[in-house]
Each structure stands twice: as C-alpha cells, then as structure tokens.
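Please read the structure below before turning to the comments.
Protein chains: 2
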Amino acid sequence: MLLRIDHIGIACHDLEATIALYQKTFGLTVVSREVNEEQGVREAMLHVADGETGGSYIQLLEPLGPDTPVGKFLASRGEGVHHVAYGVAGITEAMEEVAATGVRLIDKAPRHGSMNTSIAFLHPKDVGGVLTELVQAPERDS
Amino acid sequence: MLLRIDHIGIACHDLEATIALYQKTFGLTVVSREVNEEQGVREAMLHVADGETGGSYIQLLEPLGPDTPVGKFLASRGEGVHHVAYGVAGITEAMEEVAATGVRLIDKAPRHGSMNTSIAFLHPKDVGGVLTELVQAPERDS
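Protein chains in written order, with full-length UniProt numbering: chain A, 1 to 142; chain B, 1 to 142.
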C-alpha cells in the first residue's frame with residue numbers, strides 16, 4: 001500500500017529560523033511555502049530526495065496560534081517530529097484498506113494537503129503512538 | 001548531502017506486536033531483525049520503498065531494559081517516533097560537514113547500525129528537537 005516515506009512533519013516555533021537551520025546544516029532547499037488555515041499552520045516543504053514513486057520531504061510546521069493542533073503539540077511536547085506521512089496511489093482506497101484493519105481514521109474524507117495533495121490522518125493511538133498521514137500526490141507520482 | 005530519508009526509528013514496548021500492527025495495517029514486511037547490545041535495543045527493519053539512492057525503512061525499537069536510551073525515552077515520552085535517519089554517501093565526511101555548521105555530534109566516531117551500516121547521531125537540541133541520525137549504507141547504495 002505504501003509507496004514511499006512522503007514526508008516527516010516537524011513542529012517548530014519559528015518557521016524561518018528552522019528553515020535556515022535545515023538549509024545550513026544539511027543543504028536542503030524549500031520547494032513550497034503555504035499557509036493552511038484549516039489546519040492552523042504556516043508550513044514549508046524541504047526537498048530531501050526524488051524516488052521512482054514520488055519524492056521525500058521534510059515539512060516544517062509553525063502554528064498560527066496556541067489553540068491550533070500544532071500549537072497545543074508544541075506546548076505539551078516541545079519542538080520535534082509531529083507526524084509521519086506515507087505516499088499512497090489512491091487516498092480513498094488506502095483509507096478504506098486501513099479502516100478495514102481496525103485502525104481509526106481522524107479524517108473521514110480526504111483533506112487538502114501541501115503541494116496539491118489529498119491527505120488523511122490516522123489515529124496515533126492505533127499506530128503505536130505515531131500520528132500517521134496518508135498522502136496522494138498526483139503531481140509528484142507522474 | 002542527504003540522499004534519502006533512510007528510516008524513521010519508532011520506540012515501542014512490544015516489538016512483535018508492533019511488527020504485527022505495521023504488517024496488518026500497511027502490509028510492510030520485515031527485512032532484518034537484530035539485537036544491538038551497544039544501543040540496548042532489539043530492533044526490526046520494515047521495508048517501505050526502494051529508491052535510486054537507497055531504500056526507506058521503518059525501524060521498530062524495543063528497549064532491552066528500562067535503563068537504556070530507548071527505555072528512558074518510553075518512560076518519559078511514551079511510544080512514538082524516536083529519531084529520523086538520513087542516508088549519506090560518506091559518514092565521516094557528512095559528520096565533518098555537519099559539525100562545521102555548529103551542530104553537535106553525539107557520536108564522535110561512526111558506530112555500527114542496522115543492516116551493516118555506519119551511523120552517527122546528532123544532538124536533538126541543535127536540530128530543532130529532532131534526534132537525527134546519519135547513515136552510510138554501502139550495501140544499499142550499490
């Protein structure tokens with residue numbers, strides 16, 4: 001079902017400072033910046049590698065406020081890995097397959113993700129404590 | 001410098017149960033099992049995807065005891081993502097490049113990692129709260 005590790009979502013207090021850190025330390029470059037009001041984040045995608053089934057990225061996430069999911073995560077856990085996202089060929093089919101195994105979906109229908117993707121989150125309590133995201137990325141899979 | 005997201009290290013209480021969860025939910029299969037006494041873990045590598053510059057894996061980590069690094073992580077943070085590992089072409093050169101940017105290395109010399117790799121950990125406080133590992137995987141890069 002999984003095509004790739006699509007991205008690792010990392011929560012940070014200061015998006016620009018953390019972009020600068022990843023650029024300086026690892027030479028990563030930003031390929032997309034977005035504000036996602038629905039999810040309450042300002043975010044940047046940094047390209048790590050291409051692959052036969054889509055690329056891999058680091059997604060840096062700065063909350064738009066303390067009452068957002070990422071804002072609450074930062075308050076309780078501090079900066080660090082927020083979620084892990086896997087590429088899938090079809091988001092609806094993947095959601096159905098996962099739900100059939102008994103894992104709960106946070107999103108009942110696909111949502112808009114970074115770089116024109118369709119995404120859905122799975123409940124971390126059902127995936128060994130890892131907030132897990134499925135990503136269908138039509139533009140990156142072609 | 002970075003060739004790929006090599007693996008995501010996930011701390012768990014019960015390795016076999018978590019392997020079974022990832023197999024059932026996502027269809028992932030185990031390609032390697034090891035006990036690393038030096039790091040105090042029993043671990044399994046689950047294959048996610050191949051790539052032009054090496055594959056990507058999920059690494060499940062069960063501590064050998066409560067006084068190990070992963071045992072202490074579980075006690076304070078619970079199950080979840082423990083570290084993120086990036087593939088590099090040359091571990092020594094990558095360590096030098098990273099150290100030159102001011103990021104502290106936990107390992108002053110490369111250590112033995114899963115599947116005959118050479119690895120080094122970077123200090124999470126210098127990488128935005130993420131325990132970060134560099135991995136040179138000669139067998140996987142060829």
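Glycine included, each C-beta is placed from N, C-alpha and C at the ideal position.
Just so it is clear, the structure is predicted and the values come from calculations on it, not from any experiment.
Under 8 Å, Cβ to Cβ, is there at least one residue of chain B near residue 177(A)?
Summary: the structure shown does not reach residue 177(A), with chain A confined to residues 1 through 142, and so no result is reported for it.
Classify residue 4(A): buried if its beta carbon has 16 or more other beta carbons within 10 angstroms, exposed otherwise.
buried
C-alpha distance - residue 17(B) paired with residue 113(A), whole-angstrom precision:
31 Å
May I ask you to list the residues that DSSP assigns as paired with residue 121(A)?
133(A)
Let me make sure I understand the geometry here. Which of 84(B), 93(B) and 37(B) has the alpha-carbon closest to that of residue 68(B)?
37(B)
Just the Cα atoms here: how many angstroms apart are residue 125(A) and residue 58(A)?
23 Å
Could you tell me if residue 80(A) is buried or exposed, where buried requires 16 or more neighbouring beta carbons within 10 angstroms of its beta carbon?
buried
Give a yes or no on whether the minimum CB-CB distance between residue 104(A) and chain B is below 8 Å.
no
Under the three-state reduction of DSSP, which class applies to residue 104(B): helix, strand or coil?
coil
Whose C-beta lies closer than 6 Å to the C-beta of residue 33(B) among residues of the same chain, with five residues either side of it excluded?
44
Which whole runs of the alpha helix (DSSP H) in the stretch 32-117 of chain A are 4 residues long or more, in chain order?
69-77 and 91-100
Contact with chain B by residue 119(A), beta-carbon distance below 8 Å:
no
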